[in-house]
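Colleague: Take the sequence shown: its position 117, counted from the start at 1, is 239 in my numbering, and no numbers get skipped. Cβ coordinates follow ideal geometry from the N, Cα and C atoms, glycine included.
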Amino acid sequence: MNQLKHQLPETHETPSRFRNTIGKYIIKRNSNCISCGKCADICPYGVHVMPDNHASPLRPIEHKCIGFDCKKTDHYCIEHCPEDALVLKDNALLDTMGDYRWTPEMLLGHFAMAETGDAPRVDLEYNLGNSGGGFDKMRFIEPDPGLAIDISDEEIDTSIDLNKTGDDRPRKTISMPCYGGGMSYGSTALSVIVGRARAAKKLNSLTCTGEGGYPPEFLPYKEHVITQVATGLFGVREETIQQCPIMEFKYAQGAKPGLGGHLLGEKVTKAVARMRETIVGSSLFSPFPFHSVYSVEDHKKHVDWMKEINHNVLCSIKVSTPTDVDMVAIGAYYAGAHIIHIDGSYGGTGAAPDIAKKNIAMPIEYAIPKVHKFLKEEGARDKVTLIASGGIRNGLDVAKAIALGADGCVIGTADLVAVECVRCGNCESGRGCARGIATTDPELGNMIDEEYVEQRLVNMYMAWRKQWCDILRSYGLKSIKELRGRSDLLVHLDYLDEDDKKKYQPAPEYKMVL
């Protein structure tokens with residue numbers, strides 16, 4: 123479907139499921155308060171709210187507060203309170219959240235985008251983490267002002283094509299340059315994965331079953347659901363292959379290459395066991411290799427098998443990023459793949475072991491240009507779609523990956539952060555996620571509903587789209603396809619002198635210099 127014919131969805135404010143949303147700042151109201159309501163009258167952000175019965179003001183909605191930057195305005199509630207009843211301070215809870223790649227401010231930034239569909243008002247660094255490398259060290263160069271074009275977001279094309287081979291299979295176009303990665307039934311709550319499918323339909327995008335089978339709740343959204351076939355073959359049935367638009371063979375995952383998958387027995391409930399055709403409470407392991415695939419010829423047999431079962435399906439091949447990933451990619455192309463999905467080392471949820479994530483696969487920012495260049499040399503670059511994943515955290519990371527040579531990206535963790543994952547790392551332990559996301563526990567799983575997941579994801583991706591449109595406009599580009607391979611628009615801080623580095627220091631919000 124051409125993006126111009128697809129109506130992009132509307133964003134709607136979708137507040138947190140929790141009574142007190144985590145904010146960068148804390149505002150305390152002490153007993154001096156006389157309920158005069160002045161704070162509510164002057165605050166333009168809705169931090170202070172007076173109830174209709176004019177009783178005491180409600181607890182401040184802290185995550186909407188722009189903090190100490192408000193001192194520069196004429197509506198700083200702390201100074202305008204006639205009774206000095208308000209105190210503003212930093213939220214110490216942020217010290218307990220996130221990690222070097224997903225910093226507390228990046229988490230809060232995604233919460234805000236998923237709530238509002240727009241960039242955060244609060245001073246948050248949500249584009250860059252503190253990893254000390256990778257995309258955190260890359261910046262887009264300062265654009266020549268003469269290149270900028272004045273066109274609306276609606277006129278900018280952010281779609282990507284998923285079948286460039288010229289074969290007789292369907293041409294498929296999605297409206298976003300990214301889609302949802304595999305999250306299996308069993309690793310994640312059913313309401314979450316179905317909500318992702320609903321959002322994919324709204325966005326004219328895709329989501330992926332992961333290696334956990336195909337629950338019937340996916341059927342209304344089947345044109346937007348990729349069926350994944352991985353080494354454990356859990357839940358793989360002929361009928362699910364027949365009803366999917368894209369089938370993905372997962373040969374390896376960047377977060378745990380050489381290790382395979384693992385679902386602890388505590389998460390294998392009766393429903394999960396039935397879907398995966400196994401025993402309740404039994405831990406499930408996926409072997410690292412397909413034991414029937416040891417060559418490109420064996421791999422081609424897999425692709426041919428899939429194409430014979432479904433004559434309209436497109437084939438995606440997911441591989442990790444070993445040093446010869448370029449050779450793996452060209453082998454997948456010659457075997458008949460439509461999509462080559464390379465998965466770098468930074469990906470995975472809290473269930474992926476750090477020793478694997480940090481020490482085995484090649485970082486995705488090295489793998490993308492390596493594969494892009496080799497496919498060009500082989501004359502195959504415009505005949506296959508290159509998708510990257512493994513540590514793509516935000517809209518700016520997506521743009522950088524495309525500039526390095528990818529056609530688009532697959533997103534995993536960011537989807538979970540949009541529905542208020544705090545990166546606690548308990549995905550695979552006990553009952554799973556205390557926030558009801560990565561769990562099969564019926565009590566915890568009921569904390570979240572499909573409609574909430576759907577709208578939060580729509581909001582986040584539409585906020586990202588605004589960011590992509592700003593980037594493209596600033597360089598005189600009208601389509602995300604024109605950004606592919608434009609590594610000349612990127613700089614790496616390690617290769618700049620100190621004076622030049624100052625131009626590319628992190629900014630609290632998106633500007634033309636990134």
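Please identify the residue among Arg243, Thr133, Asp206 and Pro173 whose C-alpha is closest to the C-alpha of Lys146.
Modeller: As a first step, residue 146 must be located in the sequence shown, where it is residue number 24. Nearest option by C-alpha distance: Arg243.
Colleague: So, do the region 327-344 and the region 425-433 have three or more beta carbon pairs nearer to each other than 8 Å?
Modeller: They do not touch, by the three-pair rule.
Colleague: Rounded to the nearest angstrom, how far is the Cβ of Leu605 from that of Ala525, given a contact under 8 Å?
Modeller: Counting from 1 along the sequence shown, the entry for residue 605 is found at position 483. Counting from 1 along the sequence shown, the entry for residue 525 is found at position 403. Between Ala525 and Leu605 the Cβ distance is about 6 Å, and since that is below 8 Å, they are a contact.
Colleague: In chain order, what residues of the same chain lie with their CB nearer than 7 Å to the CB of His128, ignoring the 5 residues before and after it?
Modeller: On the sequence shown, position 6 is the one that residue 128 refers to. If we look at His128 and ignore the five residues flanking it on each side, its Cβ neighbours are Ser297 and Asn326.
Colleague: Below 9 Å between beta carbons: does that hold for His494 and Thr287?
Modeller: Stepping through the sequence shown from its first residue, residue 494 is reached at position 372. Stepping through the sequence shown from its first residue, residue 287 is reached at position 165. No, the Cβ-Cβ distance between His494 and Thr287 is not below 9 Å.
Colleague: Tell me the DSSP secondary structure of Gly189 in three-state form.
Modeller: In the sequence shown, the residue the question calls residue 189 occupies position 67. It is helical.
Colleague: Met584 lies in the alpha helix (DSSP H); which residues open and close that run?
Modeller: Indexing the sequence shown from 1 puts residue 584 at position 462. Met584 -> alpha helix (DSSP H) spans Glu572 to Ser596.
Colleague: Taking 9 Å as the CB-CB limit, is Ala234 close to chain D?
Modeller: Of the protein chains in the structure, only one exists, and it is not chain D.
Colleague: Find the nearest neighbour of Ala454 within the set Val441, Asp465, Thr445 and Gly466, judged by alpha-carbon distance.
Modeller: Taking the first residue of the sequence shown as 1, we reach residue 454 at position 332. Ranking Val441, Asp465, Thr445 and Gly466 by Cα distance to Ala454 puts Val441 first.
Colleague: Confirm, please, whether the CB-CB distance from Pro179 to Ser161 is below 9 Å.
Modeller: Counting from 1 along the sequence shown, the entry for residue 161 is found at position 39. Counting from 1 along the sequence shown, the entry for residue 179 is found at position 57. The sequence as given places Cys at residue 161; Ser does not occur at that position. Taking 9 Å as the cut-off, the beta carbon of Cys161 is found closer than this to the beta carbon of Pro179.
Colleague: Should Ser414 go down as buried or exposed, given a rule of 16 or more other Cβ atoms within 10 Å for buried?
Modeller: On the sequence shown, position 292 is the one that residue 414 refers to. Exposed, since its Cβ has fewer than 16 Cβ neighbours within 10 Å.
Colleague: For Lys505, which residues in the same chain have their Cβ closer than 8 Å to its Cβ, ignoring the five residues on either side in sequence?
Modeller: On the sequence shown, residue 505 is found 383 positions in, with the first residue counted as 1. These residues qualify, in order along the chain: Lys286, Thr287, Gly288 and Tyr455.
Colleague: In terms of residue numbering, what span does the alpha helix (DSSP H) encompassing Met235 cover?
Modeller: Here residue 235 refers to the residue found at position 113 when the sequence shown is read from its first residue. Taken as a continuous stretch (DSSP letters only), the alpha helix (DSSP H) holding Met235 covers Pro226 to Thr238.
Colleague: Starting from Arg223, follow the alpha helix (DSSP H) in both directions and report where the run begins and ends.
Modeller: Looking up residue 223 in the sequence shown gives position 101. Where Arg223 is concerned, there is no enclosing alpha helix (DSSP H), given that its DSSP letter is neither H nor E.
Colleague: Drop a sphere of 10 angstroms on the beta-carbon of Met260, count the other beta-carbons inside from all chains shown, and report buried for 16 or more, exposed for fewer.
Modeller: In the sequence shown, residue 260 corresponds to position 138, counting from 1. Met260 should be labelled buried.
Colleague: Pop quiz: Asp529 and Thr507 are said to be a contact at Cβ under 8 Å. What is the actual Cβ separation, rounded to whole angstroms?
Modeller: The residue you call residue 529 lines up with position 407 of the sequence shown. The residue you call residue 507 lines up with position 385 of the sequence shown. About 5 Å separates the two Cβ atoms, so the contact holds.
Colleague: Ala457 and Val418 look like a contact to me (Cβ under 8 Å); what is the Cβ gap, rounded to whole Å?
Modeller: Residue 457 sits at position 335 when you count from the first residue of the sequence shown. Residue 418 sits at position 296 when you count from the first residue of the sequence shown. With a contact defined as Cβ atoms closer than 8 Å, Ala457 and Val418 qualify at about 6 Å.
Colleague: Identify which residue in Gly567, Lys522 and Leu618 has its Cα closest to the Cα of Phe262.
Modeller: As a first step, residue 262 must be located in the sequence shown, where it is residue number 140. Checking every option, the nearest Cα to that of Phe262 belongs to Lys522.
Colleague: From Leu618 to Asn252, what does the alpha carbon distance come to, in whole angstroms?
Modeller: Taking the sequence shown and counting its residues from 1, one reaches residue 618 at position 496. Taking the sequence shown and counting its residues from 1, one reaches residue 252 at position 130. One Cα belongs to Leu618, the other to Asn252, and the distance between them is close to 18 Å.
Colleague: Give a yes or no on whether the C-beta atoms belonging to Leu230 and Leu250 are separated by under 9 Å.
Modeller: By one-based count along the sequence shown, residue 230 stands at place 108. By one-based count along the sequence shown, residue 250 stands at place 128. No, the pair does not count as a contact, with Cβ atoms beyond the cut-off.
Colleague: Quick check: what's the CA-CA separation for Pro265 versus Ala502?
Modeller: By one-based count along the sequence shown, residue 265 stands at place 143. By one-based count along the sequence shown, residue 502 stands at place 380. If I take the Cα positions, the gap works out to 31 Å.
Colleague: Does DSSP put His202 in a helix, a strand or coil?
Modeller: As a first step, residue 202 is located in the sequence shown; it is residue number 80 there, counting from the start. DSSP places His202 in helix when its eight states are reduced to three.
Colleague: Rounded to a whole number of angstroms, what is the C-alpha to C-alpha distance between Thr443 and Leu210?
Modeller: Mapped onto the sequence shown, residue 443 falls at position 321. Mapped onto the sequence shown, residue 210 falls at position 88. Approximately 47 Å, taken between the alpha carbons.
Colleague: Label Ile271 either buried or exposed according to how many other C-beta atoms from any shown protein chain fall within 10 Å of its C-beta, with 16 as the threshold for buried.
Modeller: By 1-based counting over the sequence shown, the position of residue 271 is 149. So Ile271 counts as exposed.
Colleague: Using 8 Å as the threshold, is the region 216-229 in touch with the region 560-578, meaning 3 or more CB pairs across them?
Modeller: no
Colleague: When the Cα of Tyr583 is compared with those of Arg515, Ile559, Asp610 and Lys624, which residue comes out closest?
Modeller: The residue given as residue 583 occupies position 461 in the sequence shown. If we check each option's Cα against that of Tyr583, Arg515 comes out closest.
Colleague: Which two residues bound the contiguous beta strand (DSSP E) that contains Ala510?
Modeller: Locating residue 510 in the sequence shown gives position 388, where the first residue counts as 1. First-last of the beta strand (DSSP E) with Ala510: Thr507 to Ser511.
Colleague: Just confirm the distance between the C-beta atoms of Thr310 and Ala236, as a whole number of angstroms; I'd bet it's less than 8 Å.
Modeller: As a position in the sequence shown, residue 310 is number 188, starting the count at 1. As a position in the sequence shown, residue 236 is number 114, starting the count at 1. Actually they do not touch by this definition, with Cβ atoms about 17 Å apart.
Colleague: Whose CA, out of Phe356, Ile315 and Tyr301, lies closest to the CA of Glu576?
Modeller: As a working note, residue 576 is residue 454 in the sequence shown. The candidate whose alpha carbon is nearest that of Glu576 is Ile315.
Colleague: Nearest by alpha-carbon distance to Asp279: which of Thr295, Leu269, Gly268 and Arg291 is it?
Modeller: As a working mapping, residue 279 is identified with position 157 in the sequence shown. Of the listed residues, the one whose Cα sits closest to Asp279 is Thr295.
Colleague: Please classify Tyr498 as buried or exposed, where buried requires at least 16 neighbouring CB atoms within 10 angstroms.
Modeller: As a working note, residue 498 is residue 376 in the sequence shown. The identity of residue 498 in the sequence shown is Lys, whereas the question assumes Tyr. So Lys498 ends up on the exposed side.
Colleague: According to DSSP, is Lys286 part of a helix, a strand, or is it coil?
Modeller: In the sequence shown, the residue the question calls residue 286 occupies position 164. It is coil, neither helix nor strand.
Colleague: Around the Cβ of Asn213, are there at least 16 other Cβ atoms within 10 angstroms (buried) or fewer (exposed)?
Modeller: For this step, residue 213 is matched to residue 91 along the sequence shown. Classification for Asn213: buried.
Colleague: With DSSP run on the structure shown, which of helix, strand or coil describes His463?
Modeller: In the sequence shown, counting from the first residue as 1, residue 463 sits at position 341. Of the three classes helix, strand and coil, the one that applies to His463 here is strand, per DSSP.
Colleague: To the nearest angstrom, how far is it from the Cα of Ala556 to the Cα of Lys372?
Modeller: For the purposes of this step, residue 556 is identified with residue 434 of the sequence shown, where counting begins at 1. For the purposes of this step, residue 372 is identified with residue 250 of the sequence shown, where counting begins at 1. Going by the C-alpha atoms only, they are around 29 Å apart.
Colleague: So the alpha helix (DSSP H) Val394 belongs to, where does it begin and stop?
Modeller: By one-based count along the sequence shown, residue 394 stands at place 272. Unbroken alpha helix (DSSP H) run through Val394: Lys392 to Arg398.
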